[in-house]
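What follows is a single structure, written as structure tokens, with notes after it.
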Amino acid sequence: MECDIAIIGAGPAGCSAAIKLAASGLNIVIVDKARFPRDKICGDALSVDVVNQLAMLSKELSCEFKNMAEKTASHGVTIYSPNGKSVSIPFLNNGKAKCGYIVMRQNFDYLLFKEVKKYPNVQIIENKAISETNLEGDKVIIQGDDLLLKSKLVIGADGAYSIVNKHLGKIRVDKKHYSAGLRIYYENLRQFHPNNYIELYFFKDILPGYLWVFPLSNNRANVGIGMLSASISAKRIHLRAKLEELLETHPALKDRFSNARALETIRGFGLPLGSKKRPISGERFLLTGDAAGLIDPFSGEGIANAIRSGRVAAEHATRCFSDQDFSASFNTSYDNEIYSRMWKEFKISRSLQNLCTYSWLFNFLVGKAAQSAYLKKLLTDALAEVNVKKVLTRPGFYIRLLFR
Ligand SMILES: Cc1cc2nc3c(=O)[nH]c(=O)nc-3n(C[C@H](O)[C@H](O)[C@H](O)COP(=O)(O)OP(=O)(O)OC[C@H]3O[C@@H](n4cnc5c(N)ncnc54)[C@H](O)[C@@H]3O)c2cc1C
27 MECDIAIIGA GPAGCSAAIK LAASGLNIVI VDKARFPRDK ICGDALSVDV VNQLAMLSKE
87 LSCEFKNMAE KTASHGVTIY SPNGKSVSIP FLNNGKAKCG YIVMRQNFDY LLFKEVKKYP
147 NVQIIENKAI SETNLEGDKV IIQGDDLLLK SKLVIGADGA YSIVNKHLGK IRVDKKHYSA
207 GLRIYYENLR QFHPNNYIEL YFFKDILPGY LWVFPLSNNR ANVGIGMLSA SISAKRIHLR
267 AKLEELLETH PALKDRFSNA RALETIRGFG LPLGSKKRPI SGERFLLTGD AAGLIDPFSG
327 EGIANAIRSG RVAAEHATRC FSDQDFSASF NTSYDNEIYS RMWKEFKISR SLQNLCTYSW
387 LFNFLVGKAA QSAYLKKLLT DALAEVNVKK VLTRPGFYIR LLFR
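Written out as structure tokens, the structure reads:
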């Protein structure tokens with residue numbers, strides 16, 4: 027089988043690239059090892075940025091998302107500091123109420139996948155795991171599960187354990203820039219915030235990581251824990267045991283979980299973080315989403331950047347064809363475009379991640395915010411605006427806070 031562009035992986039990054047390429051007139055093949063709808067281990071939290079990215083991708087898709095029944099609107103976040111104090115912050119942008127959503131990835135990814143199915147020039151191949159991608163002359167040869175595909179360009183959208191990156195790319199796991207995450211769905215959980223605030227719990231042992239409880243409909247929740255891999259090794263943390271222990275003992279959780287029923291066993295997956303600039307393209311290939319390591323290092327959010335990078339990759343791929351240039355040097359402009367959009371935020375998040383290793387600072391900030399309308403507003407604005415978030419990384423800010 028031959029095609030112009032092969033997209034490996036039909037998660038948010040791959041589907042976004044396919045949707046954006048649908049009007050290009052090029053012959054596109056998208057391959058996934060799973061059959062859809064499929065699950066993906068994730069917190070299922072869709073930020074305001076995800077909703078905006080959908081609108082930039084396709085108006086129809088954005089409408090379908092608005093009409094989607096299986097989503098829980100969340101209007102804010104409650105943050106618990108290591109000493110157990112908490113502060114609740116609404117999602118606001120320029121004073122206007124905003125909301126994020128919790129949507130099981132099984133449903134969210136299927137929405138994108140069904141959109142891809144509408145386009146005749148995109149051929150979908152499910153249930154085929156790619157095991158090899160090799161550059162041979164002017165083609166990339168893609169193989170796996172009795173599939174042989176020759177393509178002029180390949181977009182690696184195959185997630186955290188990307189085969190495309192393994193064979194063609196240069197990104198290797200670096201524990202200082204990589205997190206591990208665990209997820210488990212529960213039902214029969216009580217006492218969510220009336221506006222479905224997401225809950226983030228920070229603990230001394232797992233800083234700069236956190237435990238989350240994200241509300242779903244019918245008293246169900248997505249519960250999980252994420253932690254920097256370098257810290258897991260250094261502190262010898264057994265993450266699964268830690269999650270179980272915290273759910274059983276934390277004063278704000280133990281009673282709520284006493285009658286809760288686990289709907290699955292705890293499962294884990296890797297999070298390649300965007301705290302390090304890496305080469306994300308080369309001759310005849312572009313990496314997107316988790317395959318390119320584009321997860322926010324502080325929040326662990328990766329869906330918005332997966333969609334954004336899929337769209338940017340599609341735009342660059344179209345230029346490869348119009349200029350008939352698939353070289354590594356031509357493709358570096360894709361890397362530049364991605365990092366010009368994301369690096370500022372990644373750097374700020376990396377600084378926040380470093381600051382969060384100090385539990386006393388966290389306790390101080392949350393304690394102050396619980397009492398100060400000024401600080402609460404600043405945190406609210408920081409959630410929506412990257413330049414305000416930057417203020418939180420400055421030592422002078424904390425010194426001034428001491429005297430407020
Ligand atoms: C525990 C955890 C919690 C998270 N919580 C959040 C959150 O709440 N909000 C948020 O925004 N982000 C969260 N993330 C990050 C988010 O899940 C990812 O950033 C996002 O899924 C990236 O999308 P993607 O399309 O790049 O990759 P994926 O969603 O991983 O999709 C990759 C696709 O490629 C396919 N594939 C993989 N290998 C092959 C192969 N060899 N051959 C063919 N197909 C293949 C897979 O089947 C999959 O469909 C979390 C991650 C983890 C691990």
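Residues in the sequence shown are numbered from 27 upward in steps of one, following our numbering.
Just so it is clear, CB atoms sit at the ideal spot from N, CA and C, and this is done for glycine as well.
In this text, all values refer to a predicted model and were calculated from it rather than measured experimentally.
Given the structure, does S184 come close to ligand 1, in the sense that its CB is under 7 Å from one of the ligand's heavy atoms?
Here residue 184 refers to the residue found at position 158 when the sequence shown is read from its first residue. The displayed chain sequence assigns Asp, not Ser, to residue 184. Under cutoff, so the answer is yes.
Does N191 pass the burial test, meaning 16 or more other C-beta atoms within 10 Å, or should it be called exposed?
The sequence position of residue 191 within the sequence shown is 165, counting from 1. By the neighbour-count rule (16 or more Cβ atoms within 10 Å), N191 is buried.
Closer than 8 Å by C-beta to G40: which residues in its own chain qualify, once you throw out the five before and the five after it? Chain order, please.
As a first step, residue 40 must be located in the sequence shown, where it is residue number 14. Close CB contacts of G40 within its chain, under the 8 Å cut and outside five residues either way in sequence, are with I33, I34, I56, D58, I181, A183, D184, T314, G315 and G336 (chain order).
Considering D75, what are the terminal residues of the beta strand (DSSP E) in which it resides?
In the sequence shown, residue 75 corresponds to position 49, counting from 1. Element bounds for D75: not the beta strand (DSSP E) but the alpha helix (DSSP H), V74 to L83.
Helix, strand or coil, according to DSSP, for A206 in the structure here?
Here the question's residue 206 lines up with position 180 in the sequence shown. Of the three classes helix, strand and coil, the one that applies to A206 here is strand, per DSSP.
To the nearest angstrom, how far is the alpha carbon of S353 from that of L299?
In the sequence shown, residue 353 corresponds to position 327, counting from 1. In the sequence shown, residue 299 corresponds to position 273, counting from 1. Cα to Cα, S353 sits roughly 26 Å from L299.
Within 8 Å, strictly: CB atoms of C68 and L233:
By one-based count along the sequence shown, residue 68 stands at place 42. By one-based count along the sequence shown, residue 233 stands at place 207. Cβ atoms of C68 and L233: not closer than 8 Å.
Own chain residues within Cβ distance below 8 Å of I263, not counting five before or after:
Counting from one through the sequence shown, the residue named residue 263 turns up at place 237. Same-chain partners within the cutoff: D231, I232, M253 and S257.
Per DSSP, what are the beta-bridge partners of A288 in this structure?
Against the sequence shown, residue 288 aligns to sequence position 262. Paired residue(s): Y212.
Between Y187 and ligand 1, is the CB less than 7 Å from at least one heavy atom?
Locating residue 187 in the sequence shown gives position 161, counting from the first residue. Under cutoff, so the answer is yes.
Could you tell me which residues DSSP pairs with T159 in its beta bridges?
Residue 159 sits at position 133 when you count from the first residue of the sequence shown. Note: T159 sits in a beta bridge opposite I168.
Any idea if S73 is buried or exposed, counting beta-carbon neighbours within 10 angstroms, 16 or more meaning buried?
Here the question's residue 73 lines up with position 47 in the sequence shown. Classification of S73: buried, given that the 10 Å Cβ count is 16 or more.
Below 8 Å, how does it come out for the stretch 91–99 and the stretch 126–133: are there three or more Cβ pairs, yes or no?
yes
Where do the ends of the beta strand (DSSP E) carrying Q149 lie?
Taking the sequence shown and counting its residues from 1, the one referred to as residue 149 is at position 123. First-last of the beta strand (DSSP E) with Q149: V148 to I151.
Is V270 near ligand 1, in the sense that its beta carbon is under 7 Å from a heavy atom of that ligand?
Residue mapping note: residue 270 aligns to position 244 of the sequence shown, counting from 1. In the sequence as displayed, the identity of residue 270 is Glu instead of Val. Flag unset: Cβ of E270 not near ligand 1.
Pull up the CB-CB distance for F240 and A408, whole angstroms please, since I reckon it's below 8 Å.
Counting from one through the sequence shown, the residue named residue 240 turns up at place 214. Counting from one through the sequence shown, the residue named residue 408 turns up at place 382. So it is not a contact: roughly 20 Å between Cβ atoms.
Distance check for R266 and A288, CA to CA, integer angstroms please.
Position 262 of the sequence shown, counted from the start, is the residue given in the question as residue 288. Position 240 of the sequence shown, counted from the start, is the residue given in the question as residue 266. Computed Cα separation, rounded: 14 Å.
What does the alpha-carbon distance come out to for the pair D75 and R334?
Stepping through the sequence shown from its first residue, residue 75 is reached at position 49. Stepping through the sequence shown from its first residue, residue 334 is reached at position 308. Near 10 Å, if we compare the C-alpha coordinates of R334 and D75.
With a threshold of 7 Å, establish whether the CB of L297 neighbours any heavy atom of ligand 1.
Indexing the sequence shown from 1 puts residue 297 at position 271. Flag set: Cβ of L297 near ligand 1.
By Cβ distance, which residues of its chain are closer than 7 Å to P323, with the 5 residues on each side in sequence left out?
As a first step, residue 323 must be located in the sequence shown, where it is residue number 297. The residues are L299, G300, S301, F372, S375, R376 and Q379.
Spatial neighbours of K178 in its chain, beta-carbon cut-off 6 Å, leaving aside the 5 residues before and after
The sequence position of residue 178 within the sequence shown is 152, counting from 1. Within the same chain, K178 has close Cβ partners D30.
Could you check which residue in L297, R246, A340 and R304 has the C-alpha nearest to that of G326?
Taking the sequence shown and counting its residues from 1, one reaches residue 326 at position 300. It is L297 whose Cα lies nearest to the Cα of G326.
Can you check whether the CB of Y236 is closer than 8 Å to the CB of L226?
Mapped onto the sequence shown, residue 226 falls at position 200. Mapped onto the sequence shown, residue 236 falls at position 210. In this structure, Y236 lies closer than 8 Å to L226 by Cβ.
Do you know how far the Cα of I151 is from the Cα of S157?
Here the question's residue 157 lines up with position 131 in the sequence shown. Here the question's residue 151 lines up with position 125 in the sequence shown. Near 15 Å, if we compare the C-alpha coordinates of I151 and S157.
Bridge-paired residues (DSSP) for R293
Translated into the one-based positions of the sequence shown, residue 293 becomes position 267. BP columns for R293 point to R209.
Contacts around P277, its chain only, beta-carbon distance under 7 Å, and the 5 residues preceding and following it disregarded:
The sequence position of residue 277 within the sequence shown is 251, counting from 1. The answer, listed in chain order, is G110.
So what does DSSP say about V129, is it helix, strand or coil?
Against the sequence shown, residue 129 aligns to sequence position 103. Coil at V129, not helix or strand.
Apart from the five residues just before and just after K176, which ones in its own chain have a Cβ nearer than 8 Å to its Cβ?
Residue 176 sits at position 150 when you count from the first residue of the sequence shown. The answer, listed in chain order, is M27, E28, C29, K165, V166, I167 and I168.
Pairwise C-alpha distance: S107 and G308
As a first step, residue 308 is located in the sequence shown; it is residue number 282 there, counting from the start. As a first step, residue 107 is located in the sequence shown; it is residue number 81 there, counting from the start. Taking the straight line from one Cα to the other gives about 43 Å.
Within the present structure, is the beta-carbon of P148 separated from the nearest heavy atom of ligand 1 by less than 7 Å?
In the sequence shown, residue 148 corresponds to position 122, counting from 1. It should be noted that the sequence gives Val, not Pro, for residue 148. No, ligand 1 has no heavy atom inside 7 Å of this Cβ.
Taking Cβ to Cβ, would you say I197 is nearer than 8 Å to G328?
Within the sequence shown, residue 197 is the residue found at index 171, counting from 1. Within the sequence shown, residue 328 is the residue found at index 302, counting from 1. Cβ atoms of I197 and G328: not closer than 8 Å.
Taking 8 Å as the limit between beta carbons, can you name the residues of its chain near L242, skipping five residues before and five after?
As a working mapping, residue 242 is identified with position 216 in the sequence shown. Same-chain partners within the cutoff: D70, T98, I128, M130, Y211 and N248.
Which value, in whole angstroms, describes the spacing of the CA atoms of F134 and I292?
For the purposes of this step, residue 134 is identified with residue 108 of the sequence shown, where counting begins at 1. For the purposes of this step, residue 292 is identified with residue 266 of the sequence shown, where counting begins at 1. Rounded to the nearest angstrom, the gap between the Cα atoms of F134 and I292 is 21 Å.
Helix, strand or coil for C41 per DSSP?
As a position in the sequence shown, residue 41 is number 15, starting the count at 1. Helix, per DSSP.
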